[in-house]
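A.B. asks:
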Amino acid sequence: MRKMLLTTMTVSLVGLWACAPATTDAPPPPVVSAPAIDGPADSAPAQKLTLGFAQVGAESDWRKANTESIKAEAEKRGHELKFSDAQQKQENQIKAIRSFIAQGVDVIAFAPVVETGWDAVLAEAKAANIPVILSDRTINTQDETLYTAFVGSDFREEGRRAGKWLAEKTNGEASILELQGTPGSAPANERKAGFAEAIADFPNMKIVKSQTGEFTRAMGKEVMEAFLKTPEGQGATALYAHNDDMAIGAIQAIEAAGKKPGQDIVIVSVDGVKDAFLAIQEGKLNCTVECNPLLGPPIFDLAEKLVAGEQVPKITYSEEGVFDENNYADVINDRKY
Ligand code: GYE
Numbered sequence: 036m037r038k039m040l041l042t043t044m045t046v047s048l049v050g051l052w053a054c055a056p057a058t059t060d061a062p063p064p065p066v067v068s069a070p071a072i073d074g075p076a077d078s079a080p081a082q083k084l085t086l087g088f089a090q091v092g093a094e095s096d097w098r099k100a101n102t103e104s105i106k107a108e109a110e111k112r113g114h115e116l117k118f119s120d121a122q123q124k125q126e127n128q129i130k131a132i133r134s135f136i137a138q139g140v141d142v143i144a145f146a147p148v149v150e151t152g153w154d155a156v157l158a159e160a161k162a163a164n165i166p167v168i169l170s171d172r173t174i175n176t177q178d179e180t181l182y183t184a185f186v187g188s189d190f191r192e193e194g195r196r197a198g199k200w201l202a203e204k205t206n207g208e209a210s211i212l213e214l215q216g217t218p219g220s221a222p223a224n225e226r227k228a229g230f231a232e233a234i235a236d237f238p239n240m241k242i243v244k245s246q247t248g249e250f251t252r253a254m255g256k257e258v259m260e261a262f263l264k265t266p267e268g269q270g271a272t273a274l275y276a277h278n279d280d281m282a283i284g285a286i287q288a289i290e291a292a293g294k295k296p297g298q299d300i301v302i303v304s305v306d307g308v309k310d311a312f313l314a315i316q317e318g319k320l321n322c323t324v325e326c327n328p329l330l331g332p333p334i335f336d337l338a339e340k341l342v343a344g345e346q347v348p349k350i351t352y353s354e355e356g357v358f359d360e361n362n363y364a365d366v367i368n369d370r371k372y
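This is how it looks when you write it as C-alpha cells:
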C-alpha cells in the first residue's frame, strides 16, 4: 500500500479533525472529489449505524487512547459499536472480522496488526458489500479495492522526523540503538524506513543494534537491558524507539545501568503520549514525534458518509507535531492521554 500512498488518488490532510485546512504542501488535488472530513456535519443527523471494530490490543498508552476515542465517539453519536480486542494476534482479528460479516454490520473498521495476509477476509467483506475502513495501520495488498478508506498517520514521515531531529541534536554524529515495534506492522516497517532515510546523509550516524520491543514498556526495558550488556550498547550515544512506551521502559533500564537517560543517551521516540511529555519535563526523554490516536471522530465521519452512500477520500492523514524541551510545555497540560 505504501507505493499507492505516494501515487494515489485521494489524499486529504486533515488538521486535528475538527477544523481541517489543507496544508500548503499538500499533495496534488484528489482525483475523486471528496470533501475533507471536518467533523459532524451541520446537516441532518446521521442515520444510526453499527460498526464492527477489530482492535490490535492494549499494548501501549497510544492504543488505550485510540480505543477510548473510538468508544467515546460511538457513544456520543449514538451508534452501535461491536468492539473486539485481538491481543496482538492477526488470527483473532480475522475471526472478529468474519463474525462482523456474519452479523451483518454496516461498516467494518480495523487496525491491522501486521501489513500482510488480509486479502481473503477482506474479499469476504467485499462480497458481503460491507465497506472496510483501515484505522491507523495500513496493509500490503495488490488489490486496493479490498478496503474503502484509510485513516491514520504517515508513519514513514514520523520516522523521517525522528531521524532529522536526532541529526540536528547530535550534529550528525551518533551510535544509535533502535527499539522496533511489532514485527511486520506498518508503523514498525515505516518508522524504521523513514528514520534510515533521514540519517542516510550523515555518515557518522549509525544504528549499532536494532531489535523489536513489541511496542510495550516491559519489552522495551528488557531489550534495552540486554543491549546495555553488549559493547555496542555500552558505547551507544542515542536511542530511537518506535514508540514512547518502549522508550519509557528503556529509560528504566538505562537508569538501572547507572547512566543518565536524556544526557548520556539522547532519546527520541514516537507517539506523544502524556508520559512522554512528563519524561521530557524530567529531562529523561529528549523528543517525541507525535502520532495522533484520536481517530474516533474521523472513523465515524467516514462510516456515516459510507452508510449515506456518499463518496469518501481513500486516504486521510492526521496532522502532527514534534515535541522536545523547547515546545513540550505548550501542550503538556492539555494532553489527556
Ligand atoms: O505508535 C504504538 C501502538 O499503530 C500507530 O501502535 C500505532 C502504534 C503506536 O502500539 O504505540
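Taking this note's numbering, I'd label the letters of the sequence shown as residues 36 to 372. Don't be surprised by glycine CBs; every beta carbon is placed ideally from N, CA and C. All figures in this text were calculated on a predicted structure; none of them were measured in a lab.
(1) Taking the C-alpha atoms as reference points, what is the distance between residue 16 and residue 235?
(2) State the Cα-Cα distance for the pair residue 140 and residue 146, rounded to the nearest angstrom.
(3) Could you tell me whether the Cβ atoms of residue 335 and residue 159 are closer together than 8 angstroms?
(4) Whole angstroms is fine: what's the gap from residue 358's alpha carbon to residue 372's?
(5) So, at 8 angstroms on beta carbons, what are the nonlocal neighbours of residue 247 in its own chain, with the 5 sequence-adjacent residues on each side left out?
(6) Nearest by alpha-carbon distance to residue 260: which of 192, 280, 90, 289 is it?
(7) Return helix, strand or coil for residue 367, following the three-state DSSP convention.
(8) Applying the 10 Å Cβ sphere with the 16-neighbour rule, what's the burial state of residue 178?
(9) State the Cα-Cα distance for the pair residue 318 and residue 309, rounded to the nearest angstrom.
(10) Quick check on the DSSP output: the alpha helix (DSSP H) that includes residue 102 runs from which residue to which?
(11) Once you ignore the five residues that flank residue 196 on each side, which residues in its own chain have a CB closer than 6 angstroms to its CB?
(12) Indicate whether residue 338 and residue 167 have their beta-carbon atoms separated by less than 8 angstroms.
(13) Report the rounded CA-to-CA distance for residue 119 versus residue 132, giving the unit in angstroms.
(14) One question on the structure: do residue 329 and residue 104 come within less than 8 angstroms of each other, judged by their Cβ atoms?
(15) If distances are taken between C-alpha atoms only, which option among 184, 81, 85, 90 comes closest to residue 346?
(16) So for residue 126, helix, strand or coil by DSSP?
(17) Give me, in chain order, the residues of the same chain whose beta-carbon lies closer than 7 angstroms to that of residue 136; leave out the 5 immediate sequence neighbours on both sides.
(18) Go to residue 250, then tell me how far its beta strand (DSSP E) extends in each direction, as first and last residue.
(19) Excluding sequence positions up to five away, which residues of its chain have a Cβ less than 7 angstroms from the Cβ of residue 76?
(20) Ignore the nearest five residues each way along the sequence and tell me which others in residue 280's own chain have a CB closer than 7 angstroms to its CB.
(21) With a 10 Å radius around its C-beta and 16 neighbouring C-beta atoms as the bar for buried, classify residue 110 as buried or exposed.
(22) Is it right to say residue 123 is buried, meaning 16 or more other beta carbons lie within 10 angstroms of its own, or is it exposed?
(23) Could you pull the DSSP bridge partners for residue 89 from this structure?
(24) Is it buried or exposed for residue 36, if we count other Cβ within 10 angstroms and need 16 for buried?
(25) Mind checking which residues open and close the beta strand (DSSP E) that includes residue 325?
(26) Could you tell me the distance, in whole angstroms, from the CA atom of residue 276 to the CA atom of residue 293?
(27) Does the Cβ of residue 365 lie closer than 7 angstroms to at least one heavy atom of the ligand PLP?
C.D. replies: Here's the rundown:
(1) An answer regarding residue 16 cannot be provided, because it is not within the stretch 36 to 372 covered by the chain.
(2) 17 angstroms
(3) no
(4) 15 angstroms
(5) For residue 247, same chain residues with a beta-carbon under 8 angstroms away, outside a window of 5 residues either side, are 214, 215, 216, 217, 218, 223, 254, 258 in chain order.
(6) 289
(7) In the structure shown, residue 367 sits in coil (DSSP, three-state: anything other than H, G, I, E or B).
(8) exposed
(9) 14 angstroms
(10) 96 to 112
(11) 324, 357
(12) no
(13) Roughly 9 angstroms between the two C-alpha positions.
(14) yes
(15) 184
(16) helix
(17) 159, 160, 163, 165
(18) Taken as a continuous stretch (DSSP letters only), residue 250 belongs to no beta strand (DSSP E), as it is neither H nor E.
(19) Confidence in residue 76 is poor, its pLDDT being 48 and thus under 50, which makes the residue's placement unreliable; the coordinate value appears in the next sentence. Around residue 76: no qualifying Cβ.
(20) 95, 96, 250, 251, 252, 255
(21) exposed
(22) buried
(23) In DSSP, residue 89 forms a bridge with 119, 145.
(24) For residue 36, the pLDDT reaches just 46, beneath the cut-off of 50, and the residue's location in the model is therefore unreliable, leaving the point undetermined.
(25) 322 to 325
(26) 20 angstroms
(27) By its list of ligands, the structure shown excludes the ligand PLP, since it contains just the ligand GYE.
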